[in-house]
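Asks:
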Amino acid sequence: MKRINEYKKLFKVEGTIDLKELKTSYRGLVKQWHPDKFQDEEKKLEAEKISTKIIDGYHFLVSIAPETKEAGREEYNKTITLSQVADYHHKSMLLEVTFTDGNTYEYFGVNHKLFLKFINSKSINNFGRRNIFKSFVYRKSKKGTTEA
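First residue of the sequence shown? That's 559 in my numbering, and the numbers climb one at a time after it.
1) State the beta-bridge partners of residue 649 as determined by DSSP.
2) Per DSSP, what kind of secondary structure is residue 571 in: helix, strand or coil?
3) In the structure shown, what three-state DSSP assignment does residue 698 receive?
4) Quick one, which of 667, 651, 658 has its alpha-carbon nearest residue 639's?
5) By how many angstroms is the C-alpha of residue 628 removed from the C-alpha of residue 690?
6) Can you give the Cα-Cα distance for residue 694 and residue 559, rounded to whole angstroms?
7) Which partner residues of residue 657 appear in the DSSP bridge assignment?
8) Could you check whether residue 675 and residue 685 sit closer than 9 angstroms to each other, using their CB atoms as the reference points?
9) Look up residue 662 in the DSSP assignment and give the residues it is bridged to.
10) Could you give the distance in angstroms between the alpha-carbon of residue 655 and the alpha-carbon of residue 662?
11) Which runs of the beta strand (DSSP E), 3 residues or longer, sit entirely within the segment 560–606?
12) Please confirm if the segment 592–606 is in contact with the segment 565–584, defined as three or more CB-CB distances below 8 angstroms between the two stretches.
13) Measure the C-alpha to C-alpha separation of residue 692 and residue 602 and round it to an integer number of angstroms.
14) Decide if residue 637 is buried, meaning its Cβ has at least 16 other Cβ atoms within 10 Å, or exposed.
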């Protein structure tokens, strides 16, 4: 959640993410902080760091935007209903789940207590579907490998 809030603040996004507004803000920030605009080497290095953060933030916010999630909703529902949990990692408030179809999703705001319930449940797949997969902000972090 900290990362989401940090990037929203950078792009001055309040509430839900509108891709059109985000793109406009992104272009403005990229122009403002493009390293080639600066002559001083120190400022150029700072601009490179800020540019990288802007680019990362833009791609991250696009990945959790409602429009992006709606476009991938069918695939996501197929993954969480037909595939099993193959692997998972939890760090801070981020739960990363890899499914047997190869897709990996990140869930933001999953606290340690809920994570413990998840891994100690009789069926992590059912627990995840009921309590995590449709309840938390998520994004696809890695594409699955489709076998023919």
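C-beta: ideal position from N, C-alpha, C; glycine also.
Replies: According to the structure shown:
1) Secondary-structure assignment with DSSP links residue 649 through a beta bridge to 652.
2) Of the three classes helix, strand and coil, the one that applies to residue 571 here is coil, per DSSP.
3) It is a strand residue.
4) Among 667, 651, 658, the Cα nearest to that of residue 639 is on 658.
5) Distance between the alpha carbons of residue 690 and residue 628: 18 angstroms.
6) As the crow flies, the alpha-carbon of residue 694 is around 10 angstroms from that of residue 559.
7) For residue 657, which the question treats as bridged, DSSP gives the partners 643.
8) Taking 9 angstroms as the cut-off, the Cβ atoms of residue 685 and residue 675 count as close.
9) DSSP lists 656, 700 as partners of residue 662.
10) About 6 angstroms.
11) With a minimum length of 3 residues, no continuous beta strand (DSSP E) run stays inside the segment 560–606.
12) Counting Cβ pairs under 8 angstroms, fewer than three are found: no touch.
13) Roughly 43 angstroms between the two C-alpha positions.
14) The residue is buried, with at least 16 neighbouring Cβ atoms inside 10 Å.
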